[in-house]
Amino acid sequence: MLDGGDQPLRMRPGSAYRFEDGADAGSGDRLFEGPPPRNAYQQRGMNRFAKEVVAAEDALEALAELTEIDDSAALARDAAVTAVAAGHPEAAWKALESGRLARYADDVVHALQRAAATSPEDAERVADAAVKVFGLQGGDPLVRLLAGYDDAQFQSGGAEALVDGLRHASLAHRTLALWNLRQLTGATFSFDPAGSVAERQRSLSIWQTKLR
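Numbered as in our numbering, the sequence shown ends at 1062 without a single skipped number.
Right, here's the structure in full:
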């Protein structure tokens, strides 16, 4: 059980998740339930999809390329979110692995969640994109992290798994592990997924202490 020193860390409900085989379904029947657009960037992505990039393969490729430019992290973030709305989630998964876009990770995570919550087919597209970008061994755990944890899952091994995920070699994995911990506890203990190994270890030690 995690505790926050003098005050226990409050558990915040995560998204319910249903595996294809029905295992570890948690407390809900929804698949990849995500929040509505939470800021102007996500809304703009939806609007661009409707107005500019419908079925435009070259436009989708251009959006993917924008996530890799060096002169504007904000533009790259906007492009990644837009690409998700346009049915091209690979760009967003790549963005989560980019340290340059680390400060915009929440925008990208919410865009992926919203896309996956649209329908089972869209959820499969998001999952397939993760495997395409990271391979099967890297992609499947990311899909699980994107789905989120409920309180029961968190308290029955999920907390340890998430804190262990903060040590992962993949920036995207560390980012989603911390995102889940923050959603469930409200805490980060200053862990920066894109920080140096030494910086991450200092915060990780605090997380590990809280698990005892």
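Where is the CB? At the ideal position from N, CA and C, for every residue including glycine.
**Prompt:** Closest by CA to A966, which one among G988, D1042, P939, L946?
**Reply:** Of all alpha-carbon atoms in G988, D1042, P939, L946, the one lying nearest the alpha-carbon of A966 is that of P939.
**Request:** Return yes when the Cβ of V959 is within less than 7 Å of the Cβ of S1057, no when it is not.
**Result:** Reading the sequence as shown, one finds Trp at residue 1057 and not Ser. It is not a contact, given that the beta carbons lie outside the stated cut-off.
**Request:** Reducing DSSP to helix, strand and coil, say where L1016 ends up.
**Result:** Three-state DSSP puts L1016 in coil, outside helix and strand.
**Prompt:** Could you check where the alpha helix (DSSP H) with Q1005 kicks off and where it finishes?
**Reply:** Unbroken run through Q1005: none, as it is neither H nor E.
**Item:** Beta-carbon proximity check, A941 vs A933, cutoff 7 Å
**Value:** Their beta carbons are under 7 Å apart, which means A941 touches A933 by this criterion.
**Contact set for A1031: own chain, Cβ-Cβ below 6 Å, skip 5 residues either direction** = First, the amino acid is wrong: residue 1031 is Leu here, not Ala. The residues are L1012.
**Request:** Can you tell me which of the three DSSP states T1059 falls into?
**Result:** In the three-state scheme derived from DSSP, where H, G and I count as helix and E and B as strand, T1059 is classed as helix.
**Prompt:** Helix or strand or just coil, what does DSSP make of R938?
**Reply:** The residue you asked about is not Arg; residue 938 is His in the sequence shown. Note: H938 maps to coil in three-state DSSP.
**Message:** So, for S1040: in the same chain, excluding its five sequence neighbours on each side, which residues have a beta-carbon less than 6 Å away from its beta-carbon?
**Reply:** Sequence-distant Cβ neighbours of S1040 in its own chain, meaning closer than 6 Å and more than five residues away, are S1053.
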